[in-house]
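Structure, as structure tokens:
Residue numbers (the working numbering), protein chains in the order written: chain A, 1 to 292; chain B, 293 to 584.
In structure tokens:
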């Protein structure tokens, strides 16, 4: 095609596809490129703006490494991550919410009743609940990959003062589907603003805060993997999470309890001398294939 | 907002903008994110597909450096670069065409009549013409930044066998607006396929070929900078340039000439013993602000 113009270029793009292209790939690429071209036409994108975009992507590439995932953060602050979560959420299960850029694989096992708080300061939080099917049937042997910030608002991968796996653990539910552990109450924190994504937030007058949360990836055989977070109902940023992660069913109340109410069967049982916080909730997984 | 859903998330995104946001930035970001969200909803983007996209961007970041610009190549093969060229082209001037990922700044001066072919094999190409305003008035002192492939199909930045600036030069037009130099006839070549962009081409059954071309960036005071390429009319890939760069007015005929027809005033004048090719064309620049 020698007479490509701004109105036919998307069709010319599609005409280049080979006949053996996977149909789903063709569908995704066509939609992506129609929207990309539509955007450029709609705003009359200039060369200087295009160059700014290219440099943005190159900068995001340079700042990324095994621990820093600037493209995930970009997807998060543009609402794409949350939109993908919502598109793929099944209302029969717990809502999914953003993975975020700070998950690291290979966390150590966290035994049932184990403690992640160790000697860190801040309020002790007791977390208990069950992993269940939509009808409430407990799921034994479900694996919970749990991670959160330290009291300084940083994930271990951001913080040279922490061990790589501090506030990371993998717990497996017992025959009753139960999980339970102690940790420190997570804090509200800011997403990293020292990279190109931070420049977007600054330029658009947005704050970088996220309400405090505990992250979970929950896996169980025969069920769809759930990536989610839970939030306390008193966090000041619940209504303006910069990555759009809050869903009503993920907001929990943290009960304040006297030390004598601390239950048995935990690593800290008998050692708690101060009031503590307690959060109880179930995480509902949706079967991989709907029941007949 | 706690009740974000897949239908209101784009509006919530816009509600986060601060009141002092630059109006053009707000317009560009709103259109970009509406289209991005529209794409995800339209195809029902899955988490696995989102992850593939993130990994694609991270890989493109890792393979990029000062000489390799994978994000530019991505923009090129998706037709975005050409679309931006066409949106910003003024029909009164020469069409613009893709910058491509191989331009390197700081090329050495190429004197009027100078030679870039040196000892490289392949057909000698004499290039002559004028830089003019739309009405044909010559533009003196216009700067042409010229670059092309070597006969092996590689740009110097891709090829350890070449000097960094081989087949790169900057020529300034004389009082008559004229430029003129000799070089080797550029060859058709493939864009790099060893990175993530090559994977897109493979997966969609597309070839990686570009028709042969000479690149120009033409700058002159008071005129809009022109980024363009010229193509010979006998190239087999004119109708299927993988980066959508061909425009009718950029297709030139290369005349075959006997050695005795080689003109005076060139570095090679009097030294040409074989038939050579000759291309003559003008490059028209559009004033920065339209004449009243």
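The beta carbon of each residue, even a glycine, is placed where N, CA and C say it ideally should be. Note that the structure is predicted; figures quoted are calculated from it, not measured.
*From A:160, A:59, A:37, A:279, pick the residue whose C-alpha is nearest to that of residue 231 (chain A); which is it?*
A:279
_Which same chain residues end up closer than 6 Å to residue 282 (chain A) when comparing Cβ atoms and leaving out the 5 residues on each side of it in sequence?_
129, 130, 132
*Would a check of beta-carbon distances place residue 67 (chain A) closer than 8 Å to chain B?*
No, residue 67 (chain A) lies away from the interface with chain B (no Cβ there is under 8 Å from its Cβ).
_Buried or exposed (CB count within 10 angstroms, at least 16 for buried), residue 291 (chain A)_ = Reliability of the predicted coordinates at residue 291 (chain A) is poor, the pLDDT of 48 falling under 50, and the value obtained from them is presented with this limitation in mind. Its Cβ having fewer than 16 others within 10 Å, residue 291 (chain A) is exposed.
*Can you check whether the CB of residue 362 (chain B) is closer than 8 Å to the CB of residue 31 (chain A)?*
no
*Which residues, in chain order, does the stretch 482-509 of chain B contribute to contact with chain A at a C-beta distance below 7 Å?*
495, 496, 497, 498
*With distances taken Cα to Cα, identify the nearest neighbour of residue 227 (chain A) among A:251, A:103, A:79, A:267.*
The option with the nearest alpha carbon to residue 227 (chain A) is A:103.
_Nearest-angstrom Cα separation, counted from residue 440 (chain B) out to residue 2 (chain A)_ = 21 Å
_Below 7 Å on C-beta distance, what does residue 319 (chain B) contact in chain A?_
43
*In angstroms with no decimal places, state the Cα-to-Cα distance between residue 578 (chain B) and residue 379 (chain B).*
Residue 379 (chain B) has its alpha-carbon roughly 14 Å from the corresponding atom of residue 578 (chain B).
*Which residues does DSSP pair with residue 189 (chain A) in a beta bridge?*
A:210
*Selected residue, minimal CA-CA separation from residue 442 (chain B), among B:525, B:431, B:409, B:388*: B:409
*Given a threshold of 16 other Cβ atoms within 10 Å of its Cβ, counted over all protein chains shown, does residue 24 (chain A) qualify as buried or as exposed?*
The residue in question, residue 24 (chain A), is exposed, as its Cβ has fewer than 16 Cβ neighbours within 10 Å.
*Within the same chain, show all residues whose beta-carbon is closer than 7 Å to that of residue 297 (chain A), passing over the 5 residues directly before and after it, in chain order.*
In this structure chain A extends from 1 to 292, so residue 297 (chain A) is not present and cannot be described.
*Indicate whether residue 298 (chain A) and residue 372 (chain B) have their beta-carbon atoms separated by less than 8 Å.*
This structure cannot speak to residue 298 (chain A), because chain A is shown only from 1 to 292.
*May I ask you to report which of helix, strand or coil DSSP gives residue 460 (chain B)?*
strand
*Would you please state the rounded distance, in angstroms, between the beta carbons of residue 73 (chain A) and residue 187 (chain A)? I believe it to be under 8 Å.*
No, residue 73 (chain A) and residue 187 (chain A) are not in contact; Cβ-Cβ is about 19 Å, not under 8 Å.
_Quick test of the definition: if touching needs 3 or more C-beta pairs under 8 Å, does the stretch 215-223 of chain A touch the stretch 243-261 of chain A?_
no
*asked:* Can you find the residues in the same chain that come closer than 6 Å, C-beta to C-beta, to residue 168 (chain A), ignoring five residues on each side of it along the sequence?
replied: 107, 147
*Helix, strand or coil for residue 386 (chain B), going by three-state DSSP, please let me know.*
coil
_heavy atom of the ligand ZN below 7 Å from residue 356 (chain B) C-beta_ = Judged by which ligands are present, the structure shown has none, so any question about the ligand ZN falls away.
*For residue 199 (chain A), count neighbouring Cβ atoms within 10 angstroms of its own Cβ and tell me buried if that reaches 16, exposed if not.*
So residue 199 (chain A) counts as exposed.
_Length at least 4, wholly inside the stretch 74-141 of chain A: the alpha helix (DSSP H) runs in chain order_ = Whole alpha helix (DSSP H) segments, 4+ residues: 80-88.
*For residue 390 (chain B), collect the residues of the same chain with a Cβ closer than 8 Å to its Cβ; drop the 5 residues on either side in sequence, then sort them by chain order.*
368, 373, 374, 377, 519, 521, 535, 536, 537
*Name the residue from B:496, B:487, B:370, B:549 whose alpha carbon lies nearest to the alpha carbon of residue 18 (chain A).*
B:496
*asked:* Between residue 228 (chain A) and chain B, is the shortest Cβ-Cβ distance under 8 Å, so that the two count as touching?
replied: no
_Taking beta-carbon pairs under 7 Å, can you tell me which members of the stretch 140-169 of chain A lie near chain B?_
none
*Kindly say whether residue 262 (chain A), judged by its beta-carbon, lies nearer than 8 Å to any beta-carbon of chain B.*
With 8 Å as the cut-off, residue 262 (chain A) does not count as an interface residue toward chain B.
*Just tell me which of B:528, B:533, B:325, B:407 has its CA closest to the CA of residue 306 (chain B).*
B:325
*Helix, strand or coil for residue 253 (chain A) per DSSP?*
Here residue 253 (chain A) sits in coil by DSSP.
*Quick one: which residues of the stretch 78-105 of chain A get their C-beta closer than 7 Å to a C-beta of chain B? List them in chain order.*
78, 79, 80, 82, 83, 84, 86, 87, 88
*Which stretch, first to last residue, makes up the alpha helix (DSSP H) that contains residue 56 (chain A)?*
It spans 47-63 - the alpha helix (DSSP H) in which residue 56 (chain A) sits, taken as one unbroken run.
*Given that a residue counts as buried once 16 or more other Cβ atoms are within 10 Å of its Cβ, and exposed if not, what is residue 343 (chain B)?*
exposed
*If the cut is a Cβ gap below 9 Å, which residues of chain A does residue 300 (chain B) touch?*
Going along chain A, no residue has its Cβ under 9 Å from residue 300 (chain B), so there is no contact; the nearest lies around 10 Å.
*residue 549 (chain B): which of B:557, B:320, B:565 sits nearest, CA to CA?*
B:565
*According to DSSP, what are the bridge partners of residue 228 (chain A)?*
A:216
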